[in-house]
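Dropping the structure here:
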C-alpha cells in the first residue's frame, strides 16, 4: 500500500534534549506529593505535541463532538497526585481540541482549569498571566490564537523535563497522548474499512510507537502505575499485531533520483476494534481515577 502522507508524522515530533536539574525540583512523587528519590537521566526522546497532531487529523475530516472531551472536574475531587497529573494532560489536549474548532468561550474555561491544576502540580510558570493575556486578547483572531496555542504547547512539552521529576512528566504526557488518540480515533470505524480508515490507524500506530518509546525509557517502578503500564503495553501489542512495516526505494525518473515509500500492514476489523475498545478503556480509567 502506498502512503505518502505517512512521512508527515515524524515532522510533528519534537526532539527534546533532556538534561534536567536535580535536587529541590524533585519534590513530588507519583502517588502523592511527597519527597521523590528518583533521578532524571540525560537522554533524548521524541514527544508529540497534541495540538499539532490534532491539527493534522483535522485536515482529514476530523469533526467537532463536544461530548468527547472530559468535563471539568474540581481539582479537589482528584484524590491522588497522579490523577491530577494524568488529567492535567487530558485537559491540555481538550483545550487544543476546543481551539482547533474555534470554541473560544469553552476553551477559556478549560484554560483557567489548566492554570488551577498547574499550580497544584507546581508547573504554573508555563501558564502565567502573559500567556492568558495573549489568549484573551486574540480571541477574534483565529490564526493568531492558534499560533499562540501551538507556541505555548510546544514550549511546555519542550521544557517539561526542566521540572526535574520524570514521573510527573510521564504522567502529564501520558494523559495528553491518550486523550489525543482517543479524540482522533473518533473518525475511525471498524465496520467499514476504507483507505482513510487504514491511513488514520497507521498514523495512530506511529504516534503511539513514538510515545511508548519515551514511556518505556522513563517509566517508574512504582506499584501505583503498574496497571497503566500494563494497559499501555497491551495497546502496543495490538498495534504490533497490525504488522505495519515501511520500505523505501529509489528509482530514476527522467534522469532524476526519486524516493518513494511503501507501507505494508495487516490492519483489519478485528484489531481495529480491539484497539478502539482498549483505548477507550484506558482513557476512561484516567478520567474516572481508576489508575
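Numbering (the working numbering), first residue to last: 775 to 1065. The C-beta atom is built at its ideal place from N, Cα and C for all residues, glycine as well. On a predicted model such as this, the values are computed, not experimentally measured, just so you know.
Those residues which DSSP pairs with residue i across a bridge
i, result
"residue 1023", "1034"
Residue i - containing alpha helix (DSSP H), residue span
i, result
"residue 1016", "Premise fails: residue 1016 is in no alpha helix (DSSP H) and is neither H nor E."
"residue 900", "Taken as a continuous stretch (DSSP letters only), residue 900 belongs to no alpha helix (DSSP H), as it is neither H nor E."
"residue 875", "Per DSSP, residue 875 belongs to no alpha helix (DSSP H) and is neither H nor E."
"residue 998", "Per DSSP, residue 998 belongs to no alpha helix (DSSP H) and is neither H nor E."
"residue 847", "Looking at the DSSP string, residue 847 is not in any alpha helix (DSSP H), and its letter there is neither H nor E."
"residue 1058", "1043 to 1061"
"residue 968", "Premise fails: residue 968 is in no alpha helix (DSSP H) and is neither H nor E."
Integer-rounded CB distance, given that residue j should sit under 8 Å from residue i
i, j, result
"residue 1037", "residue 1018", "7 Å"
"residue 846", "residue 887", "5 Å"
"residue 944", "residue 994", "7 Å"
"residue 961", "residue 836", "6 Å"
"residue 1022", "residue 1013", "Not a contact, Cβ separation roughly 21 Å."
"residue 899", "residue 940", "Not a contact, Cβ separation roughly 18 Å."
"residue 903", "residue 884", "With 8 Å as the limit, residue 903 and residue 884 do not qualify as a contact, their Cβ atoms being about 17 Å apart."
"residue 950", "residue 1041", "The pair is not a contact, with the Cβ atoms about 25 Å apart (cut-off 8 Å)."
"residue 1063", "residue 852", "7 Å"
"residue 947", "residue 1002", "Incorrect: roughly 12 Å between the Cβ atoms, too far for contact."
"residue 963", "residue 973", "That belief does not hold up - the Cβ atoms of residue 963 and residue 973 are roughly 13 Å apart, past 8 Å."
"residue 1060", "residue 975", "About 22 Å separates the two Cβ atoms, so there is no contact after all."
"residue 890", "residue 849", "6 Å"
9 Å Cβ cutoff, residue i in contact with chain C
i, result
"residue 983", "Included in the structure is just one protein chain, with no chain C present."
The ligand ZN heavy atom lying under 8 Å from the CB of residue i
i, result
"residue 1056", "Annotation note on the ligand ZN: not contained in the displayed structure, which lists no ligands."
When you compare the region 888 to 898 with the region 851 to 865, are there three or more beta-carbon pairs, one atom per stretch, that lie closer than 8 Å? yes
Threshold first: 4 residues or longer. Then list the alpha helix (DSSP H) segments lying entirely within the region 935 to 964, N to C. 940 to 958
Three or more beta-carbon pairs under 8 Å between the region 955 to 968 and the region 1049 to 1061, yes or no? yes
Does the contact criterion of 3 or more C-beta pairs under 8 Å hold for the region 867 to 882 versus the region 836 to 850? yes
With contact counted as at least three CB pairs below 8 Å, one residue from each stretch, are the region 868 to 877 and the region 983 to 1000 in contact? no
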